[in-house]
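Take 0 as the starting number for the sequence shown in numbering that gives the first Met the number 0 and just add one per residue.
So the structure is just underneath, and the comments pick up after that.
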Amino acid sequence: MTDKNLSPIEKIKTESDGLRGTIAESLQDEITGAIREDDQSLIKFHGMYQQDDRDRREERAEKKLDRLYSFMIRLRLPGGFLTAEQWIAMHEIAGENSTGVIKITTRQTVQLHGILKSKIKPTIQAFNAAKLDSIATCGDINRNVLCSAHPKQSNIHSEIFAYADKISTLLMPKTRAWYEIWLDEEKVLDKKEEEDPLYQERYMPRKFKIGIAIPPNNDVDVFGNDIGLIAIIENDKLKGFNIAIGGGLSTTHGNPETYARLGTVIGFADSEEKTLKAIYEILTVQRDYGNRSDRKLARLKYTVDRLGADWFKEEVEKRAGFKLEEARPYTFTSRRDYYGWEQNHEGLWYYTVFVENGRILDDENVALKSALLAVAKTGKVNFRFTANQKVIISDINENDKETIDKILRQYKIIEHTDNASPVRKNAMACVALPTCPLALAEAQRYMPSLITKIESLLAKHELSDEEIIIRMTGCPNGCARSYIAEIGFVGTALGKYNLHLGGDHEGTRLNKIYKESLEEPEILTELDGLFASFKNERNSNESFGDFTMRKQLI
Ligand code: SRM
Ligand code: SF4
Numbered sequence: 000m001t002d003k004n005l006s007p008i009e010k011i012k013t014e015s016d017g018l019r020g021t022i023a024e025s026l027q028d029e030i031t032g033a034i035r036e037d038d039q040s041l042i043k044f045h046g047m048y049q050q051d052d053r054d055r056r057e058e059r060a061e062k063k064l065d066r067l068y069s070f071m072i073r074l075r076l077p078g079g080f081l082t083a084e085q086w087i088a089m090h091e092i093a094g095e096n097s098t099g100v101i102k103i104t105t106r107q108t109v110q111l112h113g114i115l116k117s118k119i120k121p122t123i124q125a126f127n128a129a130k131l132d133s134i135a136t137c138g139d140i141n142r143n144v145l146c147s148a149h150p151k152q153s154n155i156h157s158e159i160f161a162y163a164d165k166i167s168t169l170l171m172p173k174t175r176a177w178y179e180i181w182l183d184e185e186k187v188l189d190k191k192e193e194e195d196p197l198y199q200e201r202y203m204p205r206k207f208k209i210g211i212a213i214p215p216n217n218d219v220d221v222f223g224n225d226i227g228l229i230a231i232i233e234n235d236k237l238k239g240f241n242i243a244i245g246g247g248l249s250t251t252h253g254n255p256e257t258y259a260r261l262g263t264v265i266g267f268a269d270s271e272e273k274t275l276k277a278i279y280e281i282l283t284v285q286r287d288y289g290n291r292s293d294r295k296l297a298r299l300k301y302t303v304d305r306l307g308a309d310w311f312k313e314e315v316e317k318r319a320g321f322k323l324e325e326a327r328p329y330t331f332t333s334r335r336d337y338y339g340w341e342q343n344h345e346g347l348w349y350y351t352v353f354v355e356n357g358r359i360l361d362d363e364n365v366a367l368k369s370a371l372l373a374v375a376k377t378g379k380v381n382f383r384f385t386a387n388q389k390v391i392i393s394d395i396n397e398n399d400k401e402t403i404d405k406i407l408r409q410y411k412i413i414e415h416t417d418n419a420s421p422v423r424k425n426a427m428a429c430v431a432l433p434t435c436p437l438a439l440a441e442a443q444r445y446m447p448s449l450i451t452k453i454e455s456l457l458a459k460h461e462l463s464d465e466e467i468i469i470r471m472t473g474c475p476n477g478c479a480r481s482y483i484a485e486i487g488f489v490g491t492a493l494g495k496y497n498l499h500l501g502g503d504h505e506g507t508r509l510n511k512i513y514k515e516s517l518e519e520p521e522i523l524t525e526l527d528g529l530f531a532s533f534k535n536e537r538n539s540n541e542s543f544g545d546f547t548m549r550k551q552l553i
């Protein structure tokens with residue numbers, strides 16, 4: 000590939016002086032709430048996005064005012080774990096510097112929105128004081144590493160969970176830019192200290208995502224990741240991981256070259272050393288062979304399909320110096336969260352809270368944010384985020400369970416969780432409007448009311464107990480993984496959605512477009528008919544997704 004063909008972001012990365020660019024100067028500029036254009040690409044590697052309030056664009060344009068710029072900051076939380084102390088810090092930071100809403104993402108971490116330029120540095124410094132960072136949570140680099148969240152999932156959950164942190168650490172960039180810019184650390188003078196054999200100066204061709212699943216629950220949607228690790232456990236011993244490559248769930252409307260793809264299992268690694276080495280070399284192969292001219296085709300999935308999964312595997316093995324073994328058998332049966340109280344093998348208690356679309360706030364229905372703060376203040380819990388945008392109050396001793404239960408009852412959290420229907424509990428929507436610049440339609444602001452209407456349809460057909468997985472995204476990028484839902488809504492324009500059908504309960508099948516650009520009345524009419532057929536023609540225990548596939552409705 001000649002330099003001429005490289006996408007403009009490639010030049011920004013290589014000329015950025017280790018991701019510094021002119022971010023420091025951009026921050027000083029008091030004339031605008033924005034930062035310079037090239038720096039907007041670079042701050043992503045620092046875990047931030049420049050955004051503006053899209054609800055207010057028109058009004059501000061009429062008044063000839065600049066857009067209302069602010070920043071979103073995303074934390075790096077491998078496997079989605081926070082201590083009670085960190086929760087309290089995050090609660091305070093959210094209140095002081097952001098919109099106040101703590102947003103759990105589909106990758107087990109937290110985003111704060113609406114942070115003004117002048118508040119970025121104090122926010123990062125406050126996070127750092129709580130031993131939290133936002134390094135590499137965005138940008139062309141390895142992102143937050145997922146791991147099955149529920150400790151009851153396995154007797155060796157903590158051993159497997161530790162891999163999320165190990166992988167995250169292994170794949171961190173070597174530049175000290177984040178520390179220098181946000182924490183005022185002294186500038187690195189000897190550039191050798193920052194030499195980065197993995198990312199070099201060009202970083203990855205595109206974002207890179209890794210998830211670890213602990214069968215039989217695929218709560219992390221492991222096949223939607225660039226690398227998916229499936230833990231193989233025999234007699235309560237971790238034998239190693241099956242490795243899947245090339246998962247990715249984004250498409251672009253009208254661009255047939257783009258597609259969602261589930262990861263391909265290429266083999267098994269039987270030790271920690273081999274697993275980490277294989278992961279590292281998968282990144283180096285993608286770094287060297289990924290498409291750096293067309294960002295739409297730059298994810299690992301396209302490299303794997305262009306060069307072949309067998310070629311890719313051989314190249315990884317050559318670089319790693321060992322061969323992967325044949326993949327071991329495993330079975331996924333679900334990808335749901337276990338709501339309410341659950342206990343793990345050591346007798347510790349866990350309460351999974353229903354959080355609609357991952358938004359933690361106090362609203363007219365429930366004071367979720369205050370409740371979780373009260374729980375954190377007991378100092379007797381940890382917090383774990385799930386890849387389904389929910390939170391688990393975790394690691395509670397038998398003696399402390401009553402105290403936590405009392406707080407949850409006092410704030411009506413138990414009622415709130417118990418009363419949510421199965422379909423609402425399983426649903427996810429991405430952020431979309433008003434902050435996401437790519438949104439074509441609403442998602443998290445609209446999904447709750449649509450679910451209420453879908454609940455009525457399900458009740459009409461006596462299907463209220465069905466665990467149907469419904470997901471919505473405001474554009475085809477797939478942030479709430481709508482392409483692997485049983486019912487997926489993908490925004491095409493304001494108020495319009497493509498309706499996808501046919502995903503399964505285990506996250507092992509992509510859905511397909513059933514009808515394009517439907518408005519709400521059409522969506523409800525379609526679902527009414529589909530639910531009626533499902534009720535009358537389903538096989539026993541058949542899920543809605545399996546039914547739509549068997550009937551070849553798509
Ligand atoms: Fe995403 C871009 C939100 C998970 C695929 N995603 C964005 C941006 C940053 C918009 C932008 O580029 O300016 C959104 C910010 C909205 C906002 O205002 O907060 C955004 N993505 C999210 C989150 C917050 C959705 C949520 O409601 O939870 C998730 C944050 C995850 C995290 O903590 O790191 C989120 N994004 C995903 C996922 C799901 C996953 O990773 O399991 C996907 C599909 C899987 C995949 O990557 O293939 C996803 N986001 C994208 C893409 C398409 C990437 C591609 O391959 O083309 C974009 C657009 C881009 O990168 O150009 C995108
Ligand atoms: Fe924004 Fe689209 Fe992602 Fe939703 S799916 S958050 S609209 S980029």
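Every residue, glycine too, gets a C-beta built ideally from N, C-alpha and C.
Quick caveat: nothing in here was measured; it's all calculated off a predicted structure.
List the whole-angstrom C-beta distance separating residue i from residue j, where the pair is believed to meet the contact cut-off of C-beta under 8 Å.
i	j	result
ASN154	GLN107	About 21 Å; that fails the 8 Å criterion.
LEU347	ALA268	Contact flag wrong, Cβ pair sits at about 30 Å.
ILE22	ILE34	7 Å
GLU465	LEU457	7 Å
ARG470	ALA428	7 Å
PHE488	TYR496	4 Å
ILE8	GLY46	Not confirmed; about 17 Å, so no contact.
PRO150	ASN343	4 Å
GLY262	ASN224	6 Å
THR136	LEU41	14 Å between Cβ atoms; not a contact.
ALA440	ILE87	Their Cβ separation, rounded to whole angstroms, is 36 Å, which puts ALA440 and ILE87 out of contact at 8 Å.
THR351	LYS312	With 8 Å as the limit, THR351 and LYS312 do not qualify as a contact, their Cβ atoms being about 37 Å apart.
LEU432	GLY99	Wrong, their Cβ atoms sit about 18 Å apart, outside the cutoff.
Mapping the DSSP letters down to three states, classify residue i as helix, strand or coil.
i	result
TYR569	With the chain covering 0 to 553 only, the question about residue 569 has no answer from this structure.
LEU367	helix
LYS342	Strictly speaking, residue 342 in this sequence is Gln, with Lys absent from that position. Of the three classes helix, strand and coil, the one that applies to GLN342 here is strand, per DSSP.
HIS460	coil
GLY94	helix
VAL144	coil
LEU26	helix
PHE80	strand
HIS504	coil
LEU5	coil
LYS495	strand
THR472	strand
PHE353	coil
MET203	coil
VAL221	helix
ASN425	helix
ILE11	helix
LYS550	coil
ASN510	coil
ALA212	strand
SER542	coil
LYS102	strand
Does the Cβ of residue i have 16 or more other Cβ atoms within 10 Å, making it buried, or fewer, making it exposed?
i	result
GLY253	exposed
GLY117	Sequence inspection shows Ser at residue 117; the Gly mentioned does not correspond to that position. The residue in question, SER117, is exposed, as its Cβ has fewer than 16 Cβ neighbours within 10 Å.
ILE30	exposed
SER448	exposed
GLU397	exposed
ASP189	exposed
PRO204	buried
LEU81	buried
ASP132	buried
LYS566	The structure shown has nothing for residue 566, since the chain only spans 0 to 553.
ARG286	buried
PRO475	buried
THR122	buried
PRO77	buried
| request: For the region 356-400, list the alpha helix (DSSP H) runs that are entirely contained and at least 4 residues long, ordered along the chain. | output: The region 356-400 contains these whole alpha helix (DSSP H) runs: 367-376.
| task | Could you please go through the chain and list the residues whose beta-carbon is closer than 5 Å to any non-hydrogen atom of ligand 2? | result | CYS429, VAL430, ALA431, CYS435, LEU437, ALA438, THR472, GLY473, CYS474, ASN476, CYS478
| field | Continuous alpha helix (DSSP H) assignments of at least 4 residues falling wholly in the region 237-323 | value | Taking 4 residues as the minimum length, the alpha helix (DSSP H) runs contained wholly in the region 237-323 are 271-288, 299-306, 308-319, in order along the chain.
| said: So within the region 143-198, which uninterrupted alpha helix (DSSP H) runs reach at least 4 residues, ignoring any that extend past its ends? | reply: 156-169, 176-182
| field | Any beta strand (DSSP E) of 3 or more consecutive residues that is wholly inside the region 108-144 | value | 109-114
| said: Going residue by residue through the region 16-67, where are the continuous beta strand (DSSP E) segments of at least 3 residues, counting only ones entirely within it? | reply: You should have 47-51.
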